[in-house]
Amino acid sequence: MPKLKTKKGVAKRFRRRKSGSIKYKSAYVGHLLSGKAKNRKRRHKSLAGSVSQSDLSAIKKQMPYG
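Note that the numbering used here has the sequence shown beginning at 149, numbered continuously upward.
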């Protein structure tokens, strides 16, 4: 049976934690930051979410090796 390919877009956006859950970074802090308030930028930089249980299996299938 051939190896499973990792979906590169998913691998760049998500990281697997030791516990097995998957985390992701908050959006809206990539570029065009000059027009945004300090509070807003700081809040988004610190936010990292966890993937919900309903989406977890789909993302794990797309990242078979971590």
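Think of the CB as a built atom: it goes at the ideal place given N, C-alpha and C, for glycine as much as any other residue.
- Each residue's CA atom was taken as its position, placing Pro-212 and Arg-164 some 11 angstroms apart.
- Below 8 angstroms, enough C-beta pairs join the stretch 197 to 212 and the stretch 171 to 189 to call them touching: three or more.
- The three-state reading of DSSP puts Ser-182 in coil, since its state is none of H, G, I, E or B.
- If you look at Gly-197, you'll find it in the beta strand (DSSP E) that goes 196 to 198.
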